[in-house]
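A.B. asks: Chain order of the listed sequences is Z and E. The numbering of the first sequence is this note's numbering, which starts it at 1 and goes up by one. The numbering of the second sequence is this note's numbering, which starts it at 1 and goes up by one. Before anything else, here's the structure in question.
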Amino acid sequence: MRDAIAAAMSRSKREIPHYYLSTTVDVTATTEWLTAHNAAVPVTQRLLFAALLVKSIALACRELPGFSGFHREGRYEDSPAVHVGVAVALRGGGLVAPAIMDTADKPLTTLMDDFRALVTRARAGRLRASELAAPTIILTSLGEASVDAVFPIIQPPQVAIVGAGAIAERPWVVDGKVVPRQLLTLSLGADHRVTDGRLGAQFLARIAARLLEPASL
Amino acid sequence: MNREELARRILELVTEIAPDVDAATVIPGIDFRDQFDFDSMDTLNFAIALHRELGVDVPEADYAKLASLDKCVGYLSPRLN
């Protein structure tokens with residue numbers, strides 16, 4: 001497992017000219033929406049914040065080309081289907097990133113069911129090879145590790161990876177006043193052979209905009 | 001179900017959710033999170049399992065009361081009898 005990760009990441013750092021961007025998002029309204037949603041539905045339909053993020057990424061991929069696809073044999077092609085991979089830490093050490101297939105088309109509850117099943121199977125060592133090869137972009141969320149931000153490394157032949165730090169209550173300026181808000185730092189590692197920072201910034205902004213409209217996900 | 005039986009049943013559910021956890025090594029007084037990186041997905045799966053297997057609905061606001069084996073027994077016993 002460690003050798004496989006080392007090989008993929010070494011290739012990535014050798015071949016992909018990464019650029020990195022980050023943005024801090026006030027997700028207070030989204031976390032409030034999520035708390036209310038989870039209180040109103042049966043336990044089997046509760047959502048995790050990560051599910052909202054996965055869907056937001058998938059929808060942003062639909063809107064902006066250049067982040068969800070594969071760079072192979074010297075050229076990049078956007079993938080017609082968006083399959084967002086989710087990085088899952090294994091308790092014995094190591095990491096896998098299987099795909100939630102056709103992420104953009106799934107209602108949140110279906111997406112969450114798939115997400116739950118995927119993590120369980122990942123930790124039981126029962127993933128299909130196709131699920132590991134499928135992601136067109138990956139989300140790596142280190143929120144539970146209490147870090148502010150992630151500077152993620154792209155998994156080739158993909159060309160982008162989104163990172164999420166911990167959601168935490170911090171001081172934020174709203175209407176000229178410092179107030180406590182729930183903040184999340186989103187980051188993007190992307191491939192300069194395909195996109196530039198300006199487009200990357202737009203991509204992050206689209207993800208954030210979707211995330212702030214949870215009812216429309 | 002007495003407290004020993006309940007603790008045993010909870011351990012079964014925990015290892016069902018987290019097949020990579022060895023039930024024999026679980027220390028009752030220490031949070032699952034600190035012992036084996038129990039995360040929000042594990043906690044959600046645990047709440048679903050408690051609903052399905054024991055018929056107990058745990059609101060999200062009470063998740064912290066399920067953080068360790070001891071806390072689970074304390075929280076669940078009065079709700080089962």
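Glycine included, every Cβ here is placed at the ideal spot set by N, Cα and C.
(1) Step through the CB atoms of chain Z and report whether any lies within less than 8 Å of the CB of E/Leu80.
(2) Using a beta-carbon distance below 8 Å, is E/Leu66 in contact with chain Z?
(3) In whole angstroms, what separates the C-alpha of Z/Ala58 from that of Z/Leu204?
(4) Scan the stretch 102-174 of chain Z and note each continuous beta strand (DSSP E) run of 3 residues or more that stays entirely inside, going in chain order.
(5) For Z/His83, is the beta carbon positioned less than 7 Å from some heavy atom of the ligand MG?
(6) Could you check what DSSP says for Z/Thr28 in three-state terms: helix, strand or coil?
(7) Give me the chain E residues within the contact set of Z/Glu144, using Cβ-Cβ distance strictly less than 7 Å, ordered along the chain.
(8) Taking C-beta to C-beta, are E/Leu6 and E/Leu66 nearer than 8 Å?
(9) How would you call E/Asn2, buried or exposed, if buried means at least 16 neighbouring beta carbons within 10 angstroms?
(10) State the DSSP-derived secondary structure class of Z/Pro65, mapped to helix, strand or coil.
(11) Out of Z/Ala40, Z/Ser10, Z/Met112, state which residue places its alpha-carbon closest to the alpha-carbon of Z/Leu53.
(12) Please name the residues in the stretch 14-38 of chain Z whose beta-carbon is closer than 8 Å to at least one beta-carbon of chain E, in chain order.
(13) Measuring CB to CB, does Z/Ile167 end up less than 8 Å from Z/Ala60?
(14) Report yes or no: do the stretch 12-26 of chain Z and the stretch 166-183 of chain Z share at least 3 C-beta pairs separated by less than 8 Å?
(15) So the candidates are E/Pro59, E/Gly29, E/Asp39; which of them puts its Cα closest to the Cα of Z/Arg116?
(16) For E/Phe36, count neighbouring Cβ atoms within 10 angstroms of its own Cβ and tell me buried if that reaches 16, exposed if not.
(17) Less than 8 Å between the C-beta atoms of E/Ile48 and Z/Thr44, yes or no?
(18) Taking just the CA atoms, how far does E/Gly74 sit from Z/His83?
(19) Using only alpha-carbon positions, find the residue among Z/Asp78, Z/Ala87, Z/Gly69, Z/Thr31 that is nearest to Z/Ser141.
(20) By DSSP's criteria, Z/Ile100 is part of a beta bridge. Which residues make up the other side?
(21) Quick check: the Cα distance between E/Leu54 and E/Pro28, rounded to an integer number of angstroms?
(22) Closer than 9 Å by beta-carbon distance: list the chain Z residues that pair up with E/Val4, in chain order.
(23) Report all residues from its chain with a CB closer than 6 Å to the CB of Z/Ile233; omit the five preceding and five following residues, and keep chain order.
C.D. replies: Looking at the coordinates:
(1) Chain Z contact via Cβ: absent.
(2) Chain Z, which has no Cβ nearer than 8 Å to the Cβ of E/Leu66, makes this no.
(3) Just so you know, the alpha carbons of Z/Ala58 and Z/Leu204 end up roughly 12 Å apart.
(4) The stretch 102-174 of chain Z contains these whole beta strand (DSSP E) runs: 137-141, 160-164, 168-174.
(5) The ligand content of the structure shown is nil, which means the ligand MG is not present either.
(6) DSSP places Z/Thr28 in the helix class (H, G or I) of the three-state scheme.
(7) Here the neighbours are Asp39, Ser40.
(8) Taking 8 Å as the cut-off, the Cβ atoms of E/Leu6 and E/Leu66 do not count as close.
(9) With fewer than 16 other Cβ atoms within 10 Å, it is exposed.
(10) DSSP places Z/Pro65 outside both helix and strand once states are collapsed to three, so it counts as coil.
(11) Nearest of Z/Ala40, Z/Ser10, Z/Met112 to Z/Leu53, Cα basis: Z/Met112.
(12) Answer set for the stretch 14-38 of chain Z: Thr35, Asn38.
(13) For Z/Ile167 and Z/Ala60, no; Cβs fall outside 8 Å.
(14) Between the stretch 12-26 of chain Z and the stretch 166-183 of chain Z, the count of Cβ pairs shorter than 8 Å is three or higher; the stretches touch.
(15) Considering only alpha carbons, the answer is E/Asp39.
(16) So E/Phe36 counts as buried.
(17) It is a contact, given that the beta carbons lie within the stated cut-off.
(18) Spanning the two alpha carbons is a distance of roughly 42 Å.
(19) The shortest C-alpha separation from Z/Ser141 is found at Z/Ala87.
(20) According to DSSP, Z/Ile100 bridges with Z/Val84.
(21) E/Leu54 and E/Pro28 have their C-alpha atoms spaced approximately 20 Å apart.
(22) Just to set this straight, residue 4 of chain E is Glu in the shown sequence, not Val. Residues of chain Z passing the Cβ test: none, with the nearest at roughly 26 Å.
(23) Chain Z is shown only over 1 to 217; residue 233 of chain Z falls outside these bounds and no answer can be derived.
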